[in-house]
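Asker:
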Amino acid sequence: MPDVLALVSIALAIVFYAAGSIGLLRLPDLLSRLHALTKADNLGLGLLATGVALLAGDLVIGIKVLLVWVLVLAASASSSHLIARYSMQAGNRGHGE
Amino acid sequence: MSELLWVLFDLVLAGLTVGLAWVAVATRELRRGVLLFVGLGLLLAVIWARLRAPDLALAEAAIGAGIAGALLIAALRDEIGVSAEPEDGYTASRRLVDLGAIGLLLALSWGLLDAFLLSDGVRLAEGVAERLGESGVINPVTAVLLNFRAYDTLLELAVVFAAVLGVLSVGPARPALEAGSLVLTGLVRWLVPILVVVAGYLLWVGAHAPGGAFQAGAMLAAVAVLLRLGGVAHAGLPGTAATRWLLVLGIGVFVIVGLSVMFADRAFLQYPGDIAGVLILVIEIAATLSIATALALAYLGGRPVGWEADCDSPQHRVNRGAADRGGDA
Amino acid sequence: MTDLLVWPILLPLLASLLALVFPRRGDWIGGMASLAVLISAAWLVHSVWDNGVIAVALGGWQPGLGIALRADGLSSVLLLMVAIVALTIGIYATRYFDNAVVRARFWPLWLLLLAALNALLLSGDVFNLYVTLELVGLTAVALGALGGSRDAIVAALRYLTIGLLGSMAFLAGVVVLYAAYGTLDMVALASVVEDRPATWVALMLMTLGLLVKSALFPMHFWLPPAHANAPAPVSAALSALVVKVAFYLVLRLWLDVFTVALHPATAWMLGLLGAVAVLWGSYRALRAPRLKLLAAYSTVAQLGYLFLFLPLLAGLPDGPAREAAFGAVVLFALTHGFAKSALFLGAGVIQQRAGHDRIEELGGTARALPVTTFVLALSGIALIGLPPSGTFLAKWQLLAAAVETGQWVWIPVVAVGSLLAGAYVFRVLGHAFAPGDRDGSALAAGREELPALALALVATVVLGLAAGGLWGFLDFAAMSPGGAR
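Chains as they are written, first to last, in my numbering: chain A, 1 to 97; chain B, 1001 to 1329; chain C, 2001 to 2485.
1) Locate the beta strand (DSSP E) running through V2409 of chain C, then write down its first and last residues.
2) Using a Cβ-Cβ distance under 9 Å, would R26 of chain A count as near chain B?
3) If you check the beta carbons only, do L1155 of chain B and A2116 of chain C fall under 9 Å apart?
4) Just the C-alpha distance for C1311 of chain B and V2141 of chain C, rounded to the nearest angstrom, thanks.
5) Residues of chain A with CB under 9 Å from V1183 of chain B, in chain order?
6) In chain order, what residues of the same chain have a beta carbon less than 8 Å from the beta carbon of G1302 of chain B, not counting five sequence neighbours either side?
7) Let me confirm a value: T2161 of chain C is counted as buried when at least 16 other C-beta atoms fall within 10 Å, else exposed. Which label applies?
8) Pick from C:L2035, C:Y2159, C:L2014 and C:F2309: whose alpha carbon is nearest that of G2144 of chain C?
9) Between P2023 of chain C and chain B, is the shortest Cβ-Cβ distance under 9 Å, so that the two count as touching?
10) Taking I2009 of chain C as part of the beta strand (DSSP E), name the residues at either end of that continuous run.
11) Hey, could you find the ends of the beta strand (DSSP E) A2068 of chain C is sitting in?
12) Using a Cβ-Cβ distance cut-off of 9 Å, determine whether W1190 of chain B contacts chain A.
13) Using a Cβ-Cβ cutoff of 7 Å, what residues of the segment 2005 to 2023 of chain C are near chain B? List them in chain order.
14) Have a look at P2108 of chain C and L2017 of chain C and give me their C-alpha separation to the nearest angstrom.
15) Can you tell me where the alpha helix (DSSP H) holding A1296 of chain B begins and where it ends?
16) Would you give the residue range spanned by the beta strand (DSSP E) that A2055 of chain C belongs to?
17) Going along the chain, which residues of its own chain have a beta-carbon closer than 6 Å to the beta-carbon of A2228 of chain C, five neighbours each way excluded?
18) Could you run through the segment 2452 to 2467 of chain C and flag, in chain order, every residue whose CB is less than 9 Å away from some CB of chain B?
19) Taking all protein chains shown into account, do 16 or more other C-beta atoms lie within 10 angstroms of the C-beta of A2155 of chain C, making it buried, or fewer, making it exposed?
20) What is the rounded straight-line gap between the Cα of T2373 of chain C and the Cα of K2340 of chain C?
21) Going by DSSP, what residues sit across from D1114 of chain B in a beta bridge?
22) Quick one, which residues of the segment 62 to 77 of chain A are near chain D if we go by CB-CB under 9 Å, in chain order?
23) Does the distance from the CB of R1050 of chain B to the CB of L1013 of chain B come in under 9 Å?
24) So if DSSP puts P1172 of chain B in a beta bridge, which residue, or which two residues, is it bridged to?
25) Considering only the alpha carbon of each residue, which of C:R2024, C:L2253, C:A2246 and C:H2220 lies closest to N2118 of chain C?
26) Under 9 Å between beta-carbons, which chain C residues line up against I1251 of chain B? List them in chain order, please.
27) Which residue wins for smallest C-alpha separation from T2259 of chain C, given the options C:L2270, C:V2193 and C:V2462?
28) Determine, for A1162 of chain B, whether the minimum Cβ-Cβ distance to residues of chain C falls below 9 Å.
29) For L1227 of chain B versus A1213 of chain B, is the C-beta distance shorter than 9 Å?
30) Does chain A have any CB closer than 9 Å to the CB of I1194 of chain B?
31) In terms of residues, what are the limits of the alpha helix (DSSP H) holding H1234 of chain B?
32) Would DSSP call S2149 of chain C helix, strand or coil?
33) Leaving out the 5 sequence neighbours to the left and right, which residues in its chain are closer than 6 Å to A2285 of chain C when beta-carbon positions are compared?
34) Give the secondary structure of R1094 of chain B by DSSP, where H, G and I count as helix, E and B as strand, and everything else as coil.
35) Under 8 Å Cβ-Cβ, which residues of chain C neighbour G1127 of chain B?
36) Do you know offhand how far D1098 of chain B's Cα is from V2250 of chain C's?
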């Protein structure tokens, strides 16, 4: 049962990553691309982490994987914020670049 | 079935790596090249992981992609204002270099192919496994780096030392960045303690699992990079005198440990079996601090403020002046 | 007794650390360490003289799993040469760098370079050799950039790039060797290498890397700017020692490790490149506008002579003739080491006194700096190969070997090269003896002139007279039976 859950979770993660990647390539301007990217980082990695932790079936490894996810969350949120701020300062005011 | 999938995965990985390397070299825009190079470092880390060399994967990710990337990006910032117009296009000399590289690649492939036909592929791994019990550690990579071939590692630390001496002799450090936004400083404040703990963990775990001084040192250097980005001018380095001591600590402890076993009628670096593990840990702690200091200084890009303030005392200057006059007479 | 081998490496390494931590004591630390290295090197030569090859397995692990250090006749005499030249240059450097801050930057790097050179000469392991090559290269680059001028830094960066390419090629060769034979120890490799593609490729890659580092034509282009723009003591070390150890490795690999895979054709190719280097380097030296540039191009030419010996050594069967040729190449390398460092130090004295080193404007130098002019003349004698210098004996043996092997083609090269060397040396001396507007000071020697004088005297007189002992020593303490015997 945990294996099935893990596989479902990883499959969902792949969907989110794919969506994020397509968004990064297809969306028109910086802010919306960032928006697409955070989906992959947050949800995609979260689901992937859940899947891997379930597959490992070990509490310590699970906590480590969770920690990785939390760290990436913090880093990606902050760097997205910084990139967005920098682009605002550089004169980009959002939609319709 | 899963075998085939792995082969497919490896092929994709290899193709991506070669492609990325090519694009990183061929791109005419320096900034793009640097970013692609960082990506290449991450791919290489995955390859090492696939080759079941997690030590190398860690080192590649931390140093090859992480610290090297930070150094390159800092260097890019220096370039702003300098005319960054690349030489136009595909010149004859560039073509010559490409041809040379392809020739070397073919020769290397030929040699390696022949080598693999000749050899059974075990090489020194067997010897390492056989003597691992006497090395004082369980992780074979650490056993090779700090016991069997410790002398190589000592000289590699000297290479790092030489590089940082070069950085220090060329010019002053880059001016500090002004304190960043609240989000950045907040993140830095939050990450720094975690990174220090992780560095300590990597150092400790190196005795029996992937990790060790180079990875831990890179992790500590990442702390310095973060602090610097967060607006801390000294990047966490202590005062000049202490920084100098930290810089030489790794090699110093290594050599002193190596020499002190000679009093017990042993060869240089021949640790006594029962305390080998402890000695290795002592060396690794010192090496971690030195590597971190060296990488942090490299990231500063030159001499920190006040680095040479104590090189020439007034009294010393007077003495030398007298000696000079004596020499001319 | 085997402990002897670690001291020439560890003493300067530790001193380098101390010189960084106590920047004001640099002169003292550096002088003591250089002296200690000289003593340990002399001691090493002495015990190699008594016992033959000395080896130590570091860490107590058998070579292969661990790393061995080895000293034979060849490496120990070069080690002694490095120690003497380094001590003398170090003494000169305390006068040359009159700014204590620059001296504080100089000493740690300088001592690290000394440690690296000794580590390279004593290493018995091909991967370890790669590490020492990197260490030599990095410290040499950093020292070259010490001058701080834009030209110096540009030249140093080019030197760095080229040096890294050279070490990469060497490393690739090491990889192939390890993949094929499963060991990195040179003695072990010598007994297992076979005459097959893996060996050829490894030999080619390693040699290529070393040729770049030893600046053999046409890979010499980086050397003149790097050596001419470095501070004089550094130029002296770069030309006399750093390039020389790369050639030492070529010799070591070719004669001791890859003996079975050595084909006369490859040796001929290197000999031909050496011949072009002799002619081209000498010609460019003749045309050089500045004294240090002349000295740098002269290094390109003199290294060419060293490579001329390779086809001769490959063509001679084991026996007295081969021993004579092998001794001659070592003697040539030693003499050049002393003579070229003397020339660069002399050029440094002139540059500091006159404010420039333009050859056309050297007039009056002979009156103002008689000792330094004498140094230029003495080192010139060694560069041309006039008796009683060591080069004279070496060239004599070179010609004898060329006749012996029927490789007549090298004879005109040596003749023309020597004539060109004579021309560029006398061009400098001619300008130096011309009357100039500088006032002639008293005949006393400045203290900064003496180190160069000592080196020049060793090159011309001591090596010329003591050369006989060298042959016996090298023959007695040769590394491997297939090698230089």
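Quick reminder that beta carbons are idealized off the backbone N, C-alpha and C, glycines included.
Answerer: Well, looking at it:
1) No beta strand (DSSP E) contains V2409 of chain C, which DSSP labels as neither H nor E.
2) no
3) yes
4) 23 Å
5) A77, S78, H81, L82 and R85
6) V1167, L1168, V1170, G1171, P1172, A1173 and R1174
7) exposed
8) C:Y2159
9) yes
10) No beta strand (DSSP E) contains I2009 of chain C, which is instead part of the alpha helix (DSSP H) from W2007 to V2021.
11) A2068 to A2071
12) yes
13) V2006, L2010, L2013, L2014, L2017, L2020, V2021 and P2023
14) 7 Å
15) A1276 to L1300
16) I2054 to A2057
17) K2292, L2293 and A2296
18) none
19) buried
20) 14 Å
21) Looking at the DSSP assignment, D1114 of chain B forms no beta bridge with any residue, so it has no partner.
22) The structure shown contains no chain D; its protein chains are A, B and C.
23) yes
24) B:R1303
25) C:A2246
26) L2013, L2014, S2016 and L2017
27) C:V2193
28) yes
29) no
30) yes
31) Taken as a continuous stretch (DSSP letters only), H1234 of chain B belongs to no alpha helix (DSSP H), as it is neither H nor E.
32) coil
33) L2294, Y2297, S2298 and Y2424
34) helix
35) G2064 and L2065
36) 26 Å
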